[in-house]
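A.B. asks: Below you'll find the structure I mean.
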Amino acid sequence: MTIEHHPPEELLARFAAGRLDQAEHIVMSAHVSMCVRCRRFVAAFERLGGAALEAAEPAALAAGAFDAVMARIGGGEAASPAPAVPRPRRADDAGLPKVLDLYDIGRVRRIAPGLSMRPIMIPGAGKSRAFLLRSEPGTRMLEHTHTETELTCVLEGSFSHEGGHFGPGDFDLGDDTIDHRPIVGADMPCVCLVAMSGKLRINGLLGRLIEPFIRL
Ligand SMILES: [Zn+2]
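Taking this note's numbering, I'd label the letters of the sequence shown as residues 916 to 1131.
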């Protein structure tokens, strides 16, 4: 698997420091479990954190590097604790990342033609929700924008938009500055793990007409 699209370093640092909410943490875990490069970054960051804790004198830190990183990533809310006991694997779990073993997955809900989702049942309230999004081959999504952020990790299949081509393991970050209209690869369905906060804004007249009926 060749992974071309990675989370920004700031997001990886917040992941390593346990500062993402559970839904975001799940999507980042899925990418990091598939990506050697990001696993290395997270491990290095954790070593840096450990070194900072062990340093007797704060002044001993090289140029305050760790403090600077922590200041940059600061402000995020602490992640609520993940469930401790994995649930038994089910037949339809094949191909899902192991982090999902910790969560119940809801029933399939149809969103639009060629598009369905299964919610990840996350205990407690977080600012994001997580779900598996499945699109049939060749589905052209409506052009949309996010009012906040959307973290996506491709599990199987692929999609493309202005930002490039995204295959298994690839990570995509959407926010309110990005208008995009993904097209799903024609060869097979695309399954993504998504964490979304805020609302989806679908552009254009059709979008305004159907938006009230789309609940993600
Ligand atoms: Zn990566």
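The beta-carbon is built from N, C-alpha and C at its ideal position, and this holds for glycine as well.
#1: Under 6 Å from any heavy atom of ligand 1, does the C-beta of C1068 make it?
#2: Express the C-alpha separation of D1090 and S1112 in angstroms, rounding to a whole number.
#3: Less than 7 Å between the beta carbons of P1104 and P1052, yes or no?
#4: Go ahead and label D917 buried or exposed: buried means 16 or more other beta carbons lie within 10 angstroms of its beta carbon, across all protein chains shown.
#5: Indicate whether C953 and H920 have their beta-carbon atoms separated by less than 7 Å.
#6: Quick check on D1016: does DSSP put it in helix, strand or coil?
#7: Grab the span of the beta strand (DSSP E) containing R1103 for me, first residue to last.
#8: Looking only at its own chain, which residues have a Cβ that is under 6 Å from the Cβ of F1074, when we skip the five neighbours before and after it?
#9: Run the proximity test for C1107: is its beta-carbon closer than 6 Å to any non-hydrogen atom belonging to ligand 1?
#10: Do you know offhand how far Y1018's Cα is from P1001's?
#11: Specify the secondary structure class of M1032 as computed by DSSP and reduced to three states.
#12: Got a sec, what are the start and stop residues for the alpha helix (DSSP H) I941 sits in?
#13: Under 6 Å from any heavy atom of ligand 1, does the C-beta of H921 make it?
#14: Sorted by chain position, which residues of the same chain lie with C-beta nearer than 7 Å to D1085's C-beta, five sequence neighbours on each side aside?
#15: Determine whether the beta carbon atoms of T1067 and C1107 lie at a separation below 7 Å.
#16: Report whether the distance from the Cβ of R955 to the nearest heavy atom of ligand 1 is below 6 Å.
#17: Please report the distance separating the alpha-carbon of S1031 from that of E961.
C.D. replies: The short version:
#1: Position 153 of the sequence shown holds residue 1068. Because no heavy atom of ligand 1 lies under 6 Å away, the Cβ of C1068 does not count as near it: no.
#2: Position 197 of the sequence shown holds residue 1112. Position 175 of the sequence shown holds residue 1090. Computed Cα separation, rounded: 10 Å.
#3: Within the sequence shown, numbered from 1, the residue matching residue 1104 stands at position 189. Within the sequence shown, numbered from 1, the residue matching residue 1052 stands at position 137. For P1104 and P1052, yes; Cβs fall inside 7 Å.
#4: Along the sequence shown, one-based indexing puts residue 917 at 2. It is worth fixing the name first, because residue 917 is Thr in this sequence and not Asp. The residue in question, T917, is exposed, as its Cβ has fewer than 16 Cβ neighbours within 10 Å.
#5: Residue mapping note: residue 953 aligns to position 38 of the sequence shown, counting from 1. Residue mapping note: residue 920 aligns to position 5 of the sequence shown, counting from 1. It is not a contact, given that the beta carbons lie outside the stated cut-off.
#6: In the sequence shown, the residue the question calls residue 1016 occupies position 101. Reduced to three states, the DSSP call for D1016 is helix.
#7: One-based indexing of the sequence shown puts residue 1103 at position 188. According to the sequence provided, residue 1103 is Met. The question's Arg does not apply to it. Here M1103 belongs to no beta strand (DSSP E), and DSSP marks it neither H nor E.
#8: Along the sequence shown, read from residue 1 onward, the residue named residue 1074 stands at position 159. Counting only Cβ-Cβ distances below 6 Å, and skipping sequence neighbours, we find F1081, P1097, V1099, C1105.
#9: By 1-based counting over the sequence shown, the position of residue 1107 is 192. Because no heavy atom of ligand 1 lies under 6 Å away, the Cβ of C1107 does not count as near it: no.
#10: Taking the sequence shown and counting its residues from 1, the one referred to as residue 1018 is at position 103. Taking the sequence shown and counting its residues from 1, the one referred to as residue 1001 is at position 86. Approximately 7 Å between the Cα atoms of the pair.
#11: Against the sequence shown, residue 1032 aligns to sequence position 117. The answer is strand: DSSP assigns M1032 an E or B state.
#12: Indexing the sequence shown from 1 puts residue 941 at position 26. Start and end: 937-949.
#13: Position 6 of the sequence shown, counting from 1, holds the residue named residue 921. For ligand 1, at least one heavy atom lies less than 6 Å from the Cβ of H921.
#14: Taking the sequence shown and counting its residues from 1, the one referred to as residue 1085 is at position 170. Cβ neighbours of D1085 beyond the five flanking positions: I918, E919, H920, V1069.
#15: Your numbering for residue 1067 matches position 152 in the sequence shown. Your numbering for residue 1107 matches position 192 in the sequence shown. Their beta carbons are under 7 Å apart, which means T1067 touches C1107 by this criterion.
#16: Taking the sequence shown and counting its residues from 1, the one referred to as residue 955 is at position 40. Result no, Cβ not under 6 Å from ligand 1.
#17: Working through the sequence shown from its first residue, we reach residue 1031 at position 116. Working through the sequence shown from its first residue, we reach residue 961 at position 46. Going by the C-alpha atoms only, they are around 37 Å apart.
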